[in-house]
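If you read the sequences in order, they're chains L and V.
Here full-length UniProt numbering is used: the first residue of the first sequence is 1, the next is one more, and so on.
Here full-length UniProt numbering is used: the first residue of the second sequence is 1, the next is one more, and so on.
There are 2 protein chains.
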Amino acid sequence: MTAHACELDDLLAAAKRAAGELAPTSGDERDVALAAIADALETHAEAICAANERDVRIATERGMSTGLIDRLRLDHDRVGAIAQAVREIVALPDPVGEVTQGRRLANGLEATQVRVPLGVVAMIYEARPNVTVDAAALALKAGNAVILRGGSAAINSNAALVDVMRSALAETNLPVDAISTVDPWGREGAAALMRARGYVDVLIPRGGAGLIEECVRSSQVPVIETGTGNCHLYVDASADLDDACAIAVNAKTQRVGVCNAIETLLLDRATAQTAWEAIVPALAERGVKFHVGPQAREILNLAGYEWVDGDETDFATEYLSLDIAVEVVDGVDEAIGHIRRYSSGHTEAIVAQDATAISRFVRGVDAAALAVNASTRFTDGGQLGLGAEIGISTQKLHARGPMGVHALTSTTWILTGTGHIRP
Amino acid sequence: MTAHACELDDLLAAAKRAAGELAPTSGDERDVALAAIADALETHAEAICAANERDVRIATERGMSTGLIDRLRLDHDRVGAIAQAVREIVALPDPVGEVTQGRRLANGLEATQVRVPLGVVAMIYEARPNVTVDAAALALKAGNAVILRGGSAAINSNAALVDVMRSALAETNLPVDAISTVDPWGREGAAALMRARGYVDVLIPRGGAGLIEECVRSSQVPVIETGTGNCHLYVDASADLDDACAIAVNAKTQRVGVCNAIETLLLDRATAQTAWEAIVPALAERGVKFHVGPQAREILNLAGYEWVDGDETDFATEYLSLDIAVEVVDGVDEAIGHIRRYSSGHTEAIVAQDATAISRFVRGVDAAALAVNASTRFTDGGQLGLGAEIGISTQKLHARGPMGVHALTSTTWILTGTGHIRP
């Protein structure tokens with residue numbers, strides 16, 4: 001009996017009930033259920049791939065780009081990798097019940113703050129079937145019920161994945177409604193999640209800037225913004241230019257289309273031409289195209305590279321491609337000013353040997369991560385040792401940067417007395 | 001030169017600039033400024049009280065209740081107490097720069113997560129002039145700029161207080177626009193704060209349920225809900241009834257009209273009549289009126305007490321008065337069900353000696369604080385040793401329960417390498 005609720009309201013109420021039933025479960029119970037989900041995904045890989053094939057066929061007919069088709073496509077190996085990712089989540093320590101602070105007060109009252117599940121986590125995301133399982137597994141690990149709304153191009157894949165996960169839950173002690181999807185309701189499902197005050201404890205949109213903006217503007221439930229990355233690399237006059245070149249190449253070209261790639265290169269005026277000559281050939285060799293700002297056009301000798309005029313629009317653009325804006329700034333303070341103006345608050349990097357410049361940059365720039373003589377590509381839950389991530393928060397409340405299972409918890413104070421009253 | 005901006009947009013931009021200037025300041029610099037504010041409040045107590053007298057006169061003419069007038073009124077002693085509260089904030093440790101986690105990764109990259117200011121904190125609150133100074137001082141302590149919107153009945157008092165604080169800042173290294181008010185714009189000022197995406201990092205409404213609901217529904221900036229307290233006291237069959245009585249009296253009558261007072265008394269069916277007889281005389285003696293639910297009316301002998309019929313509306317009401325709803329439930333599980341249905345997620349209490357009942361309650365109820373054999377009145381930043389609080393969060397994201405200076409910070413990852421790139 002894993003049939004979904006027939007009405008949106010019933011589905012929301014069922015998820016809330018499931019959250020209530022999940023709250024008192026032990027980490028072991030949840031890990032057993034997650035392991036069962038991992039096994040079931042492999043057992044039913046055939047059916048999952050068949051459903052995915054329908055999505056891929058329709059997407060191809062509709063002219064979806066090869067890059068997006070690749071993110072949509074599943075095969076037996078990929079289903080195996082998804083199951084393996086769930087097993088890695090099983091191996092993480094249980095965040096629920098962790099004591100975050102506590103003390104015995106002078107009057108003998110014991111005050112302990114512990115981690116508890118958030119409750120119901122809603123997730124709206126693009127057509128990437130692996131996110132369906134990642135999000136459900138991370139939410140469940142932290143004791144939450146999850147309501148999913150995936151990209152419509154993945155509707156058959158997601159239906160199959162959710163069905164397999166719910167069937168696996170049905171064989172355990174956990175409520176089946178710990179995992180559900182509003183995909184059958186389409187856009188109305190997403191809208192219902194945004195209105196679901198009292199049912200949804202947090203809404204996490206993961207996708208393009210437009211989706212995130214719509215959630216922030218329309219939602220009446222708390223939203224965690226994720227993943228918009230207009231990241232900068234500032235090369236100070238004191239920089240080691242070999243480091244600068246290696247970091248620029250890694251941060252721009254290792255993987256195109258990720259939120260922790262750089263989109264603008266800022267060169268300190270004092271050494272702008274030297275830095276340009278040291279860094280740019282390696283980028284150009286990899287097919288990078290330069291959008292050169294007004295200051296840079298005045299100062300740099302650009303001959304021999306593919307470049308176009310860059311302006312404020314370029315500075316504000318997250319290219320997610322082999323394009324990069326280039327501008328010259330007058331030292332670290334002007335770099336900070338430029339970044340404060342255009343940054344999306346994801347990751348900002350400085351290459352410098354001068355300790356004062358580094359200190360000014362670290363204290364003056366406002367972002368989820370600041371990379372000093374290191375690539376912006378390290379802003380990643382796996383890289384930082386936080387385990388799998390449900391997204392990278394670019395807002396300042398609750399969670400900032402890579403969000404692992406801890407970001408899917410809240411806390412509660414447990415005040416234990418022996419008849420204590422307040423004097 | 002402490003004149004405010006003439007246009008709302010300019011004021012928002014000035015606050016954002018001030019936040020940028022505050023971010024790199026040291027805790028010492030901020031403490032010096034806070035001490036100067038405390039001194040200035042005492043020096044200018046005369047002018048502050050004169051402005052307040054105008055507010056009190058107008059409020060009296062308009063028929064404001066004596067309770068609210070009392071919260072509005074300032075005199076020399078109260079201004080002294082407000083200044084003293086600022087000095088207590090000076091004495092708190094600086095939350096900014098605190099390392100919250102960190103490690104050296106296998107590749108040698110040093111990853112450190114540190115506390116940073118949130119940026120611009122906006123606060124909308126009722127006509128209580130002390131909140132004007134508390135909120136500004138707590139925000140500044142954590143390195144934030146604050147934009148205030150106080151209840152219109154306190155407009156003259158708040159103008160005087162903000163002017164004194166800004167004048168004090170003008171004599172320090174900190175930006176004057178670290179503290180500003182949109183009071184001159186009235187309701188339009190509040191609306192502007194709710195729309196101020198990119199300028200306001202968090203909006204904290206503090207006041208009645210209506211204000212908080214409006215902010216949650218209308219705001220495009222992140223909101224932290226505070227202070228709605230529909231708190232319950234459940235008396236289990238295993239309870240020590242002397243404890244139950246003392247806690248009920250303390251939690252209901254010590255201070256009426258506070259969010260951590262109880263509004264409903266739930267009695268375990270097995271011992272309902274005994275518990276009623278043990279607890280209720282002391283409450284009745286203090287003038288408490290009972291709104292008795294259907295189950296309780298069937299079971300209890302109510303003769304001799306002032307009571308009325310209670311129903312679902314009563315269960316959902318935060319009385320903030322000497323009224324209390326009473327209902328009988330069938331053991332701890334039904335108590336949990338009742339509380340999950342009506343709780344505002346503030347503080348929920350159980351009196352019990354049975355460890356299993358306590359454990360079920362603590363794991364099954366979802367609230368910012370759970371009081372076990374203790375009064376709900378302990379949910380308070382000062383009582384829990386967190387220092388002064390800017391409000392009590394009843395939501396689950398970012399901060400839950402009493403919010404001290406730590407709740408006014410975010411974090412950032414500082415990734416320090418020596419040319420590290422991601423393999």
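Positions of the beta carbon are idealized from the N, C-alpha and C atoms, including for glycine.
Treat the numbers as computed from the prediction; the structure is a model and nothing was measured.
Going by C-alpha to C-alpha distance, which of the options sits closest to residue i?
i: E110 of chain L; options: L:A388, L:G419, L:L415; result: L:L415
i: Q113 of chain L; options: V:R422, V:A45, V:L384; result: V:L384
i: L386 of chain V; options: L:E389, L:V86, L:R103; result: L:R103
i: A145 of chain L; options: L:V176, L:T172, L:N158, L:S167; result: L:V176
i: T226 of chain L; options: L:V351, L:L266, L:S393; result: L:S393
i: L283 of chain V; options: V:L322, V:R30, V:E348; result: V:L322
i: R115 of chain L; options: L:G310, L:G97, L:R87; result: L:G97
i: N260 of chain V; options: V:A38, V:A371, V:G108; result: V:A371
i: S26 of chain L; options: L:G207, L:I58, L:V256, L:L174; result: L:L174
i: D9 of chain L; options: L:A190, L:G63, L:I350, L:A83; result: L:A190
i: T43 of chain L; options: L:V86, L:A196, L:V164; result: L:V164
i: A275 of chain L; options: L:V326, L:G337, L:I339; result: L:V326
i: K396 of chain V; options: V:D366, V:D380, V:G419; result: V:D366
i: G404 of chain V; options: V:A136, V:G304, V:L148; result: V:A136
i: A35 of chain V; options: V:I89, V:I279, V:A178; result: V:I89
i: R269 of chain V; options: V:E348, V:L92, V:R297; result: V:R297
i: A355 of chain L; options: L:A303, L:A237, L:A272, L:D309; result: L:A237
i: R400 of chain L; options: L:A251, L:R187, L:A369, L:D333; result: L:A369
According to DSSP, simplified to helix, strand and coil, what is residue i?
i: Y342 of chain V; result: helix
i: E126 of chain L; result: coil
i: residue 429 of chain L; result: Within the shown structure, residues of chain L are numbered from 1 to 423, placing residue 429 of chain L beyond reach of any answer.
i: K396 of chain L; result: coil
i: G419 of chain L; result: strand
i: N107 of chain V; result: coil
i: A248 of chain L; result: helix
i: M1 of chain V; result: Annotation note: pLDDT 38 at M1 of chain V (below 50); position unreliable, coordinate value reported separately. Correct three-state label for M1 of chain V: coil.
i: T376 of chain V; result: helix
i: R115 of chain V; result: strand
i: P95 of chain L; result: coil
i: Q254 of chain L; result: coil
Using a Cβ-Cβ cutoff of less than 7 Å, which residues in the same chain neighbour residue i once the five nearest sequence positions on both sides are dropped?
i: L161 of chain V; result: I48, P129, T132, V133
i: M1 of chain V; result: In this prediction, M1 of chain V has a pLDDT of 38, which is less than 50 and means its spatial position is unreliable; what the coordinates show is noted afterwards. These residues qualify, in order along the chain: A170.
i: S219 of chain L; result: M194, L203
i: I421 of chain L; result: none
i: I358 of chain V; result: I350, A352, V372
i: H406 of chain L; result: P95
Leaving out the 5 sequence neighbours to the left and right, which residues in its chain are closer than 8 Å to residue i when beta-carbon positions are compared?
i: L118 of chain L; result: A142, N144, D201, V202, L408, T409, S410
i: D240 of chain L; result: V351, Q353, N373
i: G67 of chain L; result: G257
i: A192 of chain V; result: L8, L12, V182, W185
i: T412 of chain L; result: Q113, V114, V116
i: R197 of chain L; result: Q220, V221
Between residue i and the ligand SAM, is there a pair consisting of the residue's CB and a ligand heavy atom that are separated by less than 8 Å?
i: Q254 of chain L; result: With respect to the ligand SAM, the structure offers nothing, as it holds no ligand at all.
Among the residues of its own chain, which have a CB less than 6 Å from the CB of residue i, if the five just before and after it don't count?
i: R87 of chain L; result: A38
i: V329 of chain L; result: L266, A335, H338
i: N156 of chain L; result: A51, R54, D55
i: D314 of chain L; result: H291, A325
i: E306 of chain L; result: K289
- Closer than 7 Å, Cβ to Cβ, to anything on chain L: give me those residues from the segment 350-378 of chain V, in chain order. V362, R363, G364, D366, A367, A368, A369, L370, A371, V372, N373, A374, S375, R377, F378
- Message: I want to know whether the segment 368-388 of chain L touches the segment 232-252 of chain L - three or more CB-CB distances under 8 Å.
- Response: yes
- Task: Determine contact between the segment 139-146 of chain V and the segment 11-25 of chain V, defined as no fewer than three beta-carbon pairs at a distance below 8 Å.
- Result: yes
- Task: Would you check if the segment 146-157 of chain L and the segment 232-239 of chain L touch, i.e. whether three or more CB-CB distances between them fall below 8 Å?
- Result: no
- Residues of the segment 115-127 of chain L whose Cβ lies closer than 7 Å to any Cβ of chain V, in chain order: L118, G119
- Query: Would you say the segment 208-217 of chain L touches the segment 169-187 of chain L, given that touching needs at least three Cβ pairs under 8 Å?
  - Reply: no
- Counting Cβ pairs closer than 8 Å, one from the segment 350-365 of chain V and one from the segment 287-294 of chain V, do we hit at least three? no
- Message: Assess contact between the segment 78-87 of chain L and the segment 121-128 of chain L, defined as three or more Cβ pairs (one per stretch) separated by less than 8 Å. Is contact present?
- Response: no
- Query: At a Cβ cut of 8 Å, what residues of the segment 180-206 of chain L count as close to chain V, listed as they run along the chain?
  - Reply: R197, D201, V202
- Message: Please list, in chain order, the residues of the segment 18-31 of chain L that have any C-beta partner in chain V closer than 8 Å.
- Response: G20, A23, P24
- Query: the segment 90-109 of chain L: which residues have C-beta closer than 7 Å to a C-beta of chain V, in chain order?
  - Reply: R103, L105, L109
- Message: To be precise: take each residue of the segment 295-307 of chain V, compare its Cβ to all Cβ atoms of chain L, and keep it if any distance is under 7 Å. Which residues remain?
- Response: none
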